[in-house]
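Under my numbering, the first residue of the sequence shown is numbered 842, with each subsequent residue one higher.
These notes concern the structure reproduced below.
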Amino acid sequence: MSVPFNKLIARIDLDAIRENYLLLREVAGNPAPVIKADAYGHGLLPVARTLAQAGAGSMCVGSVEEAVALRGEFSGRIVSLLGPLDKADAAAVVEHGLVPYIYRREQLAMLAEAARNAGGQARLALKFDTGMGRLGFRLPDVPDLVATLAANRELRLELVASHLATADEPARDDYVVRQRGVFEAVCSELRAAGLDFACTLGNSAGLLAYPELRYDLQRPGIALYGVNPFCGTPLAHLGERLRPAMSVRTPVAQVHSLDAGESVSYGCTFVAPKAMRVAVIAAGYADCYSRALGGKAEVVIRGRRAKVCGRVCMQLSIVDVSDIPGAEAGDDAWLLGGEGDDPVTPDELAGWWGTITYEVFCLLGLNKREYVDGL
Ligand SMILES: *Cc1c(COP(=O)(O)O)cnc(C)c1O
């Protein structure tokens, strides 16, 4: 998927992803990287290849399509499926030996039927809602699940999973502890029924901040792409060695002068308070450079910051280059990252945008991508 009609390039630094993965492995032992949603906009296949080379034995994707795309080069590794699963997916799940996160009784019947049709077994993870209030079984469902598994021998439970709602908010650690308590209760009840399985609870923030929640494997996503989930909190030191993998640039289309009192862009919302020079850059909301960034965001040109003036247009924006001597058409304008010692960080861009880094990556990653790999 890519936005084909403009000039934006998302550059993906695979070395950064490799280093982030190795760092997480050093901390936690057994991360199963989360590469759903096209690896958070970084590109499913290049990211999966990089992680496989670095030694990742299992990975988490979001859909059967993503899992099947990894088949072949990825055989022998455990691919688990975090996303929704319907009847049409069951046969492919069994055929490819995927481990889907099951959150509804009917899905067990679908899987059992697909396994019987294929004359094989269906591997699966049980997903429990321990406080996220989203998908999953709950503690009182355990006896029924145990009975269903016992009655359908082709169902092979491999993993018990849950997801944390507040792990990246140090002030909400009480809620994490509560979720852990429910998770432990679920796991012991399943074990007491004679079942054997691995456990997974932590996302990036859980992995970094809660050693007691690391269990058999961890599911880091955002940290892999270089975002510190604790940026701006008292736990910021936990993720300070992570390095962002995505940077995004676009060319300057024109540079021109403004007299004091002249305006730029739709609605004339920005009026030059003094004589200025501005650069028109080839980035707008059609390229997923959000209109919410108007008047707020900064870009990097020639290693210096330039602020967006007035409204972001569909495929163009205007930035103040008064303090960047020599800025001219053809220069790179970095919307994210940038050369020099003051790159735009994912957290800064998300802040101006009014969102989180996850959404910034998923959206900007829809543009054309290029890959950097030092190996
Ligand atoms: C996306 C996702 C993750 C990864 O979370 P991060 O905050 O990006 O580390 C882990 N587990 C599940 C179930 C997810 O959907």
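Yeah, the Cβ is synthetic: ideal placement off N, Cα and C, and Gly gets one too.
Computed from a prediction, not measured in an experiment: that's the story for all the values here.
Item	Value
Who are the Cβ neighbours of residue 898 in its own chain at under 6 Å, not counting the five residues just before and after it?	918
Check residue 1208 in the structure and name its three-state DSSP category.	strand
Can you give me the C-alpha to C-alpha distance between residue 1194 and residue 1031, rounded to a whole angstrom?	44 Å
How about residue 963 and residue 1019: are their beta carbons less than 9 Å apart?	no
Looking at ligand 1, does it come within less than 8 Å of residue 1046, judged from the CB to the closest heavy atom?	yes
Report yes if the C-beta of residue 1009 is less than 8 Å from at least one heavy atom of ligand 1; otherwise report no.	yes
Tell me whether residue 930 is buried or exposed, calling it buried when 16 or more other Cβ atoms sit within 10 Å of its Cβ.	buried
Would you mind reading off the limits of the alpha helix (DSSP H) that contains residue 951?	946-959
Within 10 angstroms of the Cβ of residue 894, are there 16 or more other Cβ atoms? Answer buried if so, exposed if not.	exposed
For the putative contact between residue 1080 and residue 1059, defined by C-beta atoms under 8 Å, what is the C-beta separation to the nearest angstrom?	With 8 Å as the limit, residue 1080 and residue 1059 do not qualify as a contact, their Cβ atoms being about 14 Å apart.
Tell whether a beta-carbon distance below 9 Å holds between residue 1205 and residue 1176.	yes
Suppose the cutoff is 7 Å on Cβ atoms and the five residues either side in sequence are ignored; what does the same chain contact list for residue 871 look like?	1057, 1058 and 1059
Based on the DSSP output, what are the partners of residue 997 in its beta bridges?	964
Just to confirm, is the Cβ distance from residue 969 to residue 980 under 9 Å?	yes
I believe residue 1116 touches residue 1098 by the beta-carbon criterion, under 8 Å. Please report the beta-carbon distance rounded to the nearest angstrom.	7 Å
Using only the alpha-carbon positions, how far apart do residue 901 and residue 1120 sit?	42 Å
Indicate, with yes or no, if ligand 1 has a heavy atom lying under 8 Å from the CB of residue 1063.	yes
I'd like to confirm something about residue 893: is its beta-carbon nearer than 8 Å to some heavy atom of ligand 1, or not?	no
With DSSP collapsed to three states, give me the class of residue 1202.	helix
Leaving out the 5 sequence neighbours to the left and right, which residues in its chain are closer than 7 Å to residue 1074 when beta-carbon positions are compared?	1011
Check this for me: beta carbons of residue 1161 and residue 1147, under 9 Å apart or not?	yes
So residue 854 packs on residue 1213, CB below 8 Å; how close in whole Å?	5 Å
Pull the bridge partners of residue 854 from the DSSP assignment, please.	1213
Nearer than 8 Å: is that true of the beta carbon of residue 1199 relative to any heavy atom of ligand 1?	yes
At a cut-off of 8 Å, would you count residue 1002 as near ligand 1, judging by its Cβ distance to the nearest heavy atom?	yes
State the DSSP-derived secondary structure class of residue 1091, mapped to helix, strand or coil.	strand
Let me see if you follow: with CB-CB separation under 9 Å, is residue 960 close to chain C or not?	This model lacks chain C altogether, as it is built from one protein chain only.
Residue 1106 to residue 865, Cα distance in whole Å?	45 Å
Inspect the CB distances between the stretch 1133-1149 and the stretch 1177-1185 and report whether three or more fall short of 8 Å.	yes
Identify whether residue 891 lies in helix, strand or coil by the three-state DSSP scheme.	helix
Can the beta-carbon of residue 858 be found closer than 9 Å to that of residue 911?	no
So the beta strand (DSSP E) residue 906 belongs to, where does it begin and stop?	Where residue 906 is concerned, there is no enclosing beta strand (DSSP E), although the alpha helix (DSSP H) it sits in stretches over 905-911.
Are the CB atoms of residue 903 and residue 877 nearer to each other than 9 Å?	yes
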